[in-house]
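Peer 1: According to my numbering, the residues represented by the sequence shown are 11 to 439, in order.
Take a look at this one; I'll ask things after.
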Amino acid sequence: MCVKARGSTVISRASASECFVYITLPGEVSPVTAGRFVLTINTRGDALGQFVYRTKYLEDPHAVAIDPVELKLSKRTYETGLLNGVFGALRDAGPDYWGRRVIEKHAGKPQLGELDYLLESPDDRAGALGFGLYAEPPAPQRKFNSTIDLEKLQALADALVKDDLPDDRQARQVQDLMLLGTSMGGARPKTVVQDNDSLWVAKFNRADDRWNNTRVEHSMLRLARECGITTAESRMQTVGGKDVLLVKRFDREKTTKGYTRARMVSGLTILRADEAPETRQNWSYVILVEELRRIVGDAKRDAAELFRRVCFNALVSNIDDHPRNHAIIAKEKEWKLSPAYDLTPSVPVSVERRDLALECGDQGRYANPNNILSQHARFLLVRDEAKKIISDMKAQVEATWYETLRASGVSPKDAETIRGAFVYPGFSL
Ligand SMILES: Nc1ncnc2c1ncn2[C@@H]1O[C@H](COP(=O)(O)OP(=O)(O)O)[C@@H](O)[C@H]1O
Ligand SMILES: [Mg+2]
11 MCVKARGSTV ISRASASECF VYITLPGEVS PVTAGRFVLT INTRGDALGQ FVYRTKYLED
71 PHAVAIDPVE LKLSKRTYET GLLNGVFGAL RDAGPDYWGR RVIEKHAGKP QLGELDYLLE
131 SPDDRAGALG FGLYAEPPAP QRKFNSTIDL EKLQALADAL VKDDLPDDRQ ARQVQDLMLL
191 GTSMGGARPK TVVQDNDSLW VAKFNRADDR WNNTRVEHSM LRLARECGIT TAESRMQTVG
251 GKDVLLVKRF DREKTTKGYT RARMVSGLTI LRADEAPETR QNWSYVILVE ELRRIVGDAK
311 RDAAELFRRV CFNALVSNID DHPRNHAIIA KEKEWKLSPA YDLTPSVPVS VERRDLALEC
371 GDQGRYANPN NILSQHARFL LVRDEAKKII SDMKAQVEAT WYETLRASGV SPKDAETIRG
431 AFVYPGFSL
């Protein structure tokens, strides 16, 4: 079987799977077909992904690229062997560790193919893409759990973490609830819920967490805002005595017709990196900012914003700042850095040296002002401006981290447990 692309390009394959890629265009609430994706695994197990835009889509004056770097609007057949053959922009629209577990449980299979995860996950996925087996997209289902279901969803998440989901029919119906909301990435237990006017990522605590993660994350978003960073909006909701963090989806906007969707691409995709250790040489803020400057509409604004986020991550020991915890979004044609999300402090044993997940200067990943300053020009900042950002933010975090945590309802005990995350001693060396 073969797939005929525009012109004479033909993708032939021995054993493959394929799907159509749909996109909801800026300002619209229903998808159109953007192209076709074919995934081939050869006998050695090597994956090859191929993508072609549909002719009709390319002719649409409103058409936008799925990925501003790797999948520009063009007639050509794109190919990739990275990320198990799934283009980064497509992989970004699929579930990650947590969502994959929910889907596997639901399907009753331990592991599924890359394409199954895309096809099995519901349409609450990050960004503007959708996937299906038909040339024309189905109407959007607009089926979401509501904030009033949170208690049930928290109980399901707890059971899944402990791996003791019951396996009877009634339990399957309950699992259907959980399946709605699994497309979002990340490893922590979460789902997607809606209230009257918004969609939210709902993040749950785990019984084995060392502190109240959801409240602490809520307070970190607040602290980041106080440091001049643009963040996702969040609120806490307590259900059945448990704290749930609700982070407002910045890639959805409710209109009278339904939800509009912004395109979204992760830092991992922008860096054309993988999670495999051998591709981590691209895990770098310096490379990220260079790429960002080429893509976004306002390079100066977004480069300085990324610089502030690097400083903030260093100041709160957020060493989980990996490339999937950065993204760009496009509500219209133009791309910009997304609001910050998933900001989490950590308390590693070392107080002398902490490393961010991405290189941030001449001394690699070292979370230290001299290192961060060393590449200030790449962030389009003169040295004095960059120095001032670091010293002002250091003063702000030092002076307010405790009261910000407490004002967000973090207990004194938890605040003490994570005290060592803030302006760690090595930061001032
Ligand atoms: N407010 C938001 N709006 C849209 N997408 C989001 C938002 N917050 C997170 N995401 C997406 O969901 C993914 C998982 O969320 P994240 O908070 O990073 O969870 P985890 O703690 O499990 O890593 C992110 O990588 C990002 O793609
Ligand atoms: Mg994350």
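All C-beta atoms in this analysis are idealised placements derived from N, C-alpha and C, irrespective of residue type, glycine included.
Here the structure is a predicted model, which means the values were calculated and not measured.
#1: Taking 7 angstroms as the cut-off, is the beta-carbon of N155 closer than that to any non-hydrogen atom of ligand 2?
#2: Could you pull out every residue in the same chain whose Cβ sits closer than 6 angstroms to the Cβ of A138, ignoring the five residues on either side in sequence?
#3: Please report how far the alpha carbon of L231 lies from the alpha carbon of K66, in whole angstroms.
#4: In this structure, does DSSP put D402 in helix, strand or coil?
#5: Does D56 come out as helix, strand or coil in the three-state DSSP assignment?
#6: Output the boundary residues of the alpha helix (DSSP H) element that contains G434.
#7: Quick one: is the Cβ of R334 within less than 7 angstroms of any heavy atom of ligand 2?
#8: Give the straight-line distance between the Cα atoms of P422 and V361, rounded to the nearest whole angstrom.
#9: Who are the near neighbours of Q406 in its chain, counting only those whose CB is closer than 7 angstroms to its CB and skipping five residues on each side?
#10: Figure out for me which residue from D70, D56, E227 and P349 has the closest Cα to the Cα of V42.
#11: If we require 4 or more residues per run, which alpha helix (DSSP H) segments fall completely within the region 273-340?
#12: Report the three-state DSSP secondary structure of D70 (helix, strand or coil).
#13: Drop a sphere of 10 angstroms on the beta-carbon of S401, count the other beta-carbons inside from all chains shown, and report buried for 16 or more, exposed for fewer.
#14: In the DSSP assignment, find the unbroken beta strand (DSSP E) run with I51 in it and report its ends.
#15: Determine the direct distance from the alpha carbon of L256 to that of Q247, and round the result to whole angstroms.
#16: With F141 and L209 assumed to form a contact (beta carbons below 8 angstroms), what rounded beta-carbon distance in angstroms separates them?
#17: For S294, which residues in the same chain have their Cβ closer than 7 angstroms to its Cβ, ignoring the five residues on either side in sequence?
#18: R393 and L383 look like a contact to me (Cβ under 8 angstroms); what is the Cβ gap, rounded to whole Å?
#19: Please state whether the Cβ-Cβ distance between L114 and Q121 is less than 8 angstroms.
#20: Relative to the C-alpha of V74, which candidate in L366, K341 and E395 has its C-alpha closest?
#21: Determine the direct distance from the alpha carbon of H116 to that of D186, and round the result to whole angstroms.
#22: Among residues of its own chain, excluding the 5 on either side of E28, which ones have a beta-carbon nearer than 6 angstroms to its beta-carbon?
#23: Quick one: what's got a C-beta closer than 6 angstroms to A460's C-beta in the same chain, skipping five residues either side?
#24: Starting from the N-terminal side, write out each stretch of the beta strand (DSSP E) that is 3 residues or longer and does not extend beyond the region 337-392.
#25: In whole angstroms, what is the alpha-carbon distance linking P428 and R216?
#26: Can you have a look at K172 and say buried or exposed, based on whether 16 or more other CB atoms are within 10 angstroms of its CB?
#27: Using C-beta distances below 8 angstroms, list every residue in its chain close to S1, excluding the 5 sequence neighbours before and after it, in chain order.
#28: So the alpha helix (DSSP H) S229 belongs to, where does it begin and stop?
#29: Just confirm the distance between the C-beta atoms of L391 and A314, as a whole number of angstroms; I'd bet it's less than 8 angstroms.
#30: In angstroms with no decimal places, state the Cα-to-Cα distance between G123 and Y88.
#31: Between which two residues does the alpha helix (DSSP H) containing Y127 stretch?
#32: Tell me where the alpha helix (DSSP H) around K172 begins and ends.
#33: Assuming contact is defined by CB atoms lying nearer than 8 angstroms, are R318 and M403 in contact in what I supplied?
Peer 2: Once the coordinates are examined:
#1: no
#2: I33, T34, R271 and R273
#3: 42 angstroms
#4: helix
#5: coil
#6: At residue 434 the sequence reads Tyr, which differs from the Gly that was named. Note, Y434: premise wrong, no alpha helix (DSSP H); not H, not E.
#7: yes
#8: 22 angstroms
#9: E236 and C237
#10: D70
#11: 277-280, 295-305 and 309-325
#12: coil
#13: exposed
#14: V42 to I51
#15: 7 angstroms
#16: That belief does not hold up - the Cβ atoms of F141 and L209 are roughly 19 angstroms apart, past 8 angstroms.
#17: L368 and E369
#18: 7 angstroms
#19: As written in the sequence, residue 114 is Glu, which differs from the Leu given in the question. Cβ atoms of E114 and Q121: closer than 8 angstroms.
#20: K341
#21: 8 angstroms
#22: V48
#23: Residue 460 is absent from the model: the chain starts at 11 and stops at 439.
#24: 337-340
#25: Inspection of the sequence shows that residue 428 is occupied by Ile rather than by Pro. Those two C-alpha atoms are separated by around 17 angstroms.
#26: exposed
#27: Examination of residue 1 is not possible in this model, given that the chain is present from 11 through 439 alone.
#28: N223 to E236
#29: 6 angstroms
#30: 21 angstroms
#31: E124 to E130
#32: L160 to K172
#33: yes
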